[in-house]
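Numbering (the UniProt record's numbering) for the sequence shown: 1 to 1203. Just so it is clear, CB atoms sit at the ideal spot from N, CA and C, and this is done for glycine as well. Each remark here refers to the structure printed beneath this line.
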Amino acid sequence: LDSLPEASFDAAKNQPVATCLPNTRCEVLAQIRRWADGDGGRRIYWLKGMAGTGKSTIALTISREYSDKKRLGASFFFSRGGGDLASTRRFAATVAVQLAETSRELRRHIADAAASSCRIRGLGLYDQWEKLVLQPLAQLGSEAFPYPLIVVVDALDECDNNDEVSLLIRCLAAAVAVEHVDLRIFVTSRPDQPTSLGFDSIAADAHQDLILHNIEQSIVDQDLAVYYKYQLERIGRTSGLDAAVLSDEVVEKLVEKSCGLFIYAATACRFIREGGPLAGDRLAHLISDERLPAKAGTELDRMYTTALEYSLSDHFDAEETARVQELFGHVVGSIAVLFDALSPDSLAMMVAEPRWKITSMLGNLHSLVDVPEQEGRPIRLLHPSFREFLLDPQRCHLRRNMCDLRRPGTRIGDIPRSDVDESIPFAVQYACRYWVYHLQQSDVDPSEHPGILDFFRSRFLSWLETLAFTGRVADGIAMVKLLEDMLPVGSTNDTLPLNAFVYDARRFLLSHSSIIEEAPLQVYCCALVFSPEASIIRRLYIHQLPKWILRAPALSEDWGAHLKTLSHPSSVEAVAVAVSPNSRLIVSGSNDNTVRVWDAATGAARRVLEGHTSPVLAVAVSPNGQLIVSGSGDNTVRVWDAATGASRCVLRGHSSSVRGVAVLLDGRLIVSGSIDKTVRVWDIVTGAIRHMLEGHTDLVLAVAVSPNGQLIVSGSADNTVRIWDAATGTAQRVLKGHSYMVLAVAVSPNGQLIVSGSADNTVRVWDIATGGTRRVLKGHSSSVEAVAVLPDSRIVSGSSDDTVRVWDAATGTAQRVLKGHSSSVVAIAVSSDGQLIVSGSRDDTVRVWDATMGATRRILEDQSYLVLAVAVSPDGRLIVSGSDDKTVRVWDLATGATRHVFSGHTDLVSAVAVSPDSRLIISGSGDNTVRVWDIATGAIRRVLKGHRALVSSVAVLSDSRLIVSGSFDNTVRVWDIATGAIRRVLSGHTDLVSAIAVSPDGRLIVSGSFDNTARIWDTATGTTRCVLSGHTNWVLAVAVSPNSRLIVSGSFDNTVRVWDAATGATRHVLEGHCRSVSAVAVSPDDRLIVSSSNDRTVRIWAMATGAEQLALPVAIGLRHLSFSSCGKHLVTDCGILPLPPSDCRCSHHVFATRYWITDNGEDLLYLHPDYQKSFGFLSGNIVVYVSHSLQFSLPREALSESI
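Right, dumping it as structure tokens:
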């Protein structure tokens, strides 16, 4: 079972927490003991108290005491910010594992329950609780436990999810209702609303309460005095405090300052003890009238900030949050600054707000504010340090690298939250999260306040860094958007409009939020490097780039319509997307059988929903946002809880893949379309099929529903669209017009139009009332795979031509073409507010676009080119690249500068090579020619004509006298460099020649072809030595071993094969890649094979056995792959890869993985996914993007000096 040992009372994390001292908390403990020993019929005991009143100490005392008596069944100590300790996800399993230790019989029942369901981990809380706890307890006899068994649940209020708190209380109530077992559950929490509401939902006679902070003050003060005397005597023994200093008067003053809070007492004693020889001075300072220093108040600050954060619901939208913040300022701000305490009525009169608003606001602040139940009693802050926390401006400061990290790629998950809280004062955390809301509550016009502009000019990046460390990047995006909305149009300040600053800040955040959230210091690295030249934030902060980044030219001109990219793992295609009704979540379905839930604001992955056993082909979100529905190739429809990710139900009935899903308006009915040619309507409550809609004569590939829930629309491979009555399941219309299969359908938000996308490359717009064709939208050059309709009736389509198009439904014209995906766009969704377009692609990404951009802001066309071929000169000084812009570029590896741009080809450059003497460059092109260039001057030496189709590959023999070229005309040609004459034409392949290689001695030529074979040719005679047959798809790469005895080939069938060059026999078939193999090489000692694949991995294999030894992620499918002369590392167009074990003396192994530039395996610079398409190559300390190069220096002192 997936238990959580850290939750137990005796876990290591709880060891520093002391139990109650002797002769303290006597009355409270006595009352709890009487209850625990069977006094009274109420089996749940709720100990509630304000923050710092000692609840956890009491819970620990009871746990330890009853554990010693062998009567503790289980304990679970929640802890906010502790990962699973702040969640109920592993609660049931943890309690079950501990209960199993109390009885052999119970252990057997729990083990049987766990073994009976392989899906136990995926169940929701109550289902797990029922199977693992309730049912095993119910199977026990009355003699199993002749005494009450105690379960302790501490700090229930520190569970992050309020809904989980209520559900957990229901679980506890069900447990104590089990017959034959006197199970008693002791719960502690603050008296916050969610917990109170949870207990209100169960029978009143099921629990008894004790309010800790209502105990008579004199009793609490007496316990505090005992605590202080005990602690001060211990400190005196170690620090040499004079006994006179530890007087009763000193203790009385400390008790007075504690205001009944044991947390204050504990903090004060730690503060004194940590003073060492200065402990006496610290004690004197505490009992003086001076305020507590900020250092001593850190823990109190942490408590106050957490309480404030959780008093404001995360479920408010921006407008609601603004109203709550304004009310907070009026009410709590007034309480903080008033000299005297006022009653709720008096305070309501003073701030001119209704009394109910006052009490409602303070209802969530019981941990900080004492709100009396009696009429006329005053409202009081529970501790004066809370007033200082709110009002003291000296606590706030921002700086770069607040947590003093040593590496720029450090992940937030690797930093303990305690370190963050220690490094960033909580007043700073609070200010960073709420400053815009406080600004909104004031009467200040942001456009007239010079401090706002100063903030963006000097503190913006530090603010983002702090938000990232505290997990609040999404709040930052919301605040910048709110500030943008607060500014009047055209407001100006200084020389640049503040509107422009704020707009640019929002785009900066949207583009880089996911990596800033994951690795905060990348705000100074990746975010600046990959922002466009026109970005105001980039221009203002470019001087803050780390010193090890020597040159960072802008890679784009200005922000475009693309907002952010959600990157899936390698080879995981996003084949379906949806947006939640509140636009906060994006849902994607993938070919790895999962559903992913993303934060729409930051782009962070929130959940991965697992359960399907085949690719997820369709997703939808219910109109109320509570459910996610997915359809899969496993023939099922699954319904998930959007809040928790738990599986609600599995709908079975289709006999083939489910290609489309939708949810009707009331959320009770689900519609699915399948390859089995049917559309089905399901009742989500019962799982029963309401209707089976039959009529399509071929595969059903898409479904949609009308906004009013009355109509169902389906698209099919029978080339038609059908309209069905949702209530009766009868067919209303058949829409004909497409000439090929209908791949996508959508209904406009106004319910008047149906839109369909087809494999005939068109989008059709239909009148839903008449079934007539309104428009035929033409422009895509390949199948239209997905369609959606914006609230303003603009149409969005995604196509196999890799583009997204936005159309004017009225005129049928394409308003915008959104480029950026590098493979088919197979899914489209739009947000209900019309702000976002979301596209899913087979390039492993989901992209989010600004749906509003176009009318007021210029859209820049993608002017980048693709690097199609790369070669390294034998002397290691130059890299040569061929591109789809018809040029050959020569790069200096020492400086990163472009040496030459060779123009002459009239089509893309598909292949390049450098002669062994590093004097000549050979290029092959789509113009069917091979060109020979002088590497020093750039002059064309020869234009070799003869091929009748694209030249796919070129090579030069070791003596630099002959060139070999392979072509899509199915031939290999051998050329004389000196004369340009054709020496031989090697014919035999029956399809395109895709790759060539030559043996080190020049005697053999090897070619790979789309005819699924490789051939070995005799260079001297041009005859075929062997035909290597075995691959089941195209051969894309070939290599010859240094001893010329073995041939290695890589194929579109995802395999690598090793062949005997003499006999043509297959030595090994190397399997492991999940996409086509694009490059292969053999080590100098013939012991290793390396292969690169379009799955973005490099794999290393043992030549002798064929066993895989290593798999490494890379930025791209490598085009250049070779071993170093020493054989200790790989030289690739993504950098140098050391081969373990390696004693190579290279000072740095710089490499580009899929997402990072790494130095000896440590992450330095995140490679923004938006620029993966234009990634050229990496060599040395140069990263080449398109026509620009990024240069950095990697001495260790530079890295430690500047992050």
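C-alpha gap between residue i and residue j, whole angstroms
i, j, result
"E299", "L286", "A caution first: E299 carries a pLDDT of 45, below 50, which makes its placement in the model too unreliable to give a value."
"S583", "D683", "26 Å"
"S953", "I628", "49 Å"
"A206", "G141", "23 Å"
"V428", "G329", "18 Å"
"A829", "A576", "9 Å"
"S177", "L521", "Going by the sequence as given, residue 177 is Ala instead of Ser. Between A177 and L521, the C-alpha separation is close to 52 Å."
"V663", "V619", "10 Å"
"A36", "Y66", "9 Å"
"E517", "R607", "16 Å"
"D127", "G611", "16 Å"
"I586", "A981", "60 Å"
"A1062", "S910", "31 Å"
"A468", "L528", "16 Å"
"A754", "A175", "Here residue 754 turns out to be Ile, not Ala, going by the sequence shown. When rounded, the distance between both Cα atoms is 52 Å."
"V377", "S346", "Just to set this straight, residue 377 is Arg in the shown sequence, not Val. In a straight line, the C-alpha of R377 is about 10 Å away from that of S346."
"V671", "R680", "6 Å"
"V912", "V1035", "19 Å"
"R355", "L342", "12 Å"
"S117", "S614", "21 Å"
DSSP bridge partner residues for residue i (one or two, in chain order)
i, result
"G560", "Answer by DSSP bridge pairing: none, since G560 is not bridged."
"Q208", "Y45"
"I922", "A913, V932"
"D1159", "V1150, E1162"
"E1071", "T1055"
"H900", "V890"
"R983", "DSSP, once it has assigned bridges, lists no residue as partnering R983."
"D1018", "L1004"
"S841", "V825"
"P1138", "H1129"
"L1028", "A1014"
"R847", "T565, S839"
Presumed contact (8 Å Cβ cut-off) between residue i and residue j, rounded CB distance
i, j, result
"V1056", "V1077", "6 Å"
"Q752", "A726", "The pair is not a contact, with the Cβ atoms about 17 Å apart (cut-off 8 Å)."
"N1033", "S1051", "6 Å"
"R90", "L4", "4 Å"
"G1002", "S960", "The pair is not a contact, with the Cβ atoms about 10 Å apart (cut-off 8 Å)."
"N761", "V742", "Incorrect: roughly 12 Å between the Cβ atoms, too far for contact."
"V745", "G715", "4 Å"
"residue 1220", "N499", "This structure cannot settle anything about residue 1220, because the visible part of the chain is limited to 1 through 1203."
"L482", "V436", "6 Å"
Under 9 Å between C-beta atoms of residue i and residue j
i, j, result
"T1024", "G988", "yes"
"A352", "A474", "no"
"H1068", "T1097", "no"
"S758", "Y740", "yes"
"V1114", "R1087", "no"
"S793", "A814", "no"
"V250", "L283", "yes"
Residue ranges of each alpha helix (DSSP H) within the UniProt domain "Nephrocystin 3-like N-terminal" (31–190), 4 or longer: Contiguous alpha helix (DSSP H) elements confined to the UniProt domain "Nephrocystin 3-like N-terminal" (31–190) occur at 55–68, 91–100, 104–115, 125–129, 135–138, 162–176, taking only those with 4 or more residues.
Just to confirm the assignment: which complete beta strand (DSSP E) runs, minimum length 3, are found wholly within the UniProt repeat "WD" (777–817)? Counting only runs of 3 or more, we get 784–789, 795–799, 804–807.
Ordered list of alpha helix (DSSP H) runs contained in the UniProt repeat "WD" (576–608), each at least 4 residues: Correct list: empty.
Restricting to runs no shorter than 4 residues, where is the alpha helix (DSSP H) found entirely within the stretch 517–557? Runs of the alpha helix (DSSP H) lying entirely within the stretch 517–557 and spanning at least 4 residues, in chain order: 526–529, 536–541.
Length-filtered (3 minimum) beta strand (DSSP E) runs lying within the UniProt repeat "WD" (1070–1111): Qualifying beta strand (DSSP E) stretches, in chain order: 1077–1082, 1088–1093, 1097–1102.
What are the complete beta strand (DSSP E) segments, minimum 3 residues, inside the stretch 636–686? Within the stretch 636–686, the beta strand (DSSP E) runs of at least 3 residues that lie entirely inside it are, in chain order, 636–641, 647–652, 658–663, 669–674, 679–683.
Taking only runs of the beta strand (DSSP E) that begin and end inside the UniProt repeat "WD" (735–776), which ones reach a length of at least 3 residues, in chain order? Runs found: 742–747, 753–758, 762–767.
Residue ranges of each alpha helix (DSSP H) within the stretch 421–495, 4 or longer: List check, alpha helix (DSSP H) in window: 426–441, 450–458, 460–469, 473–486.
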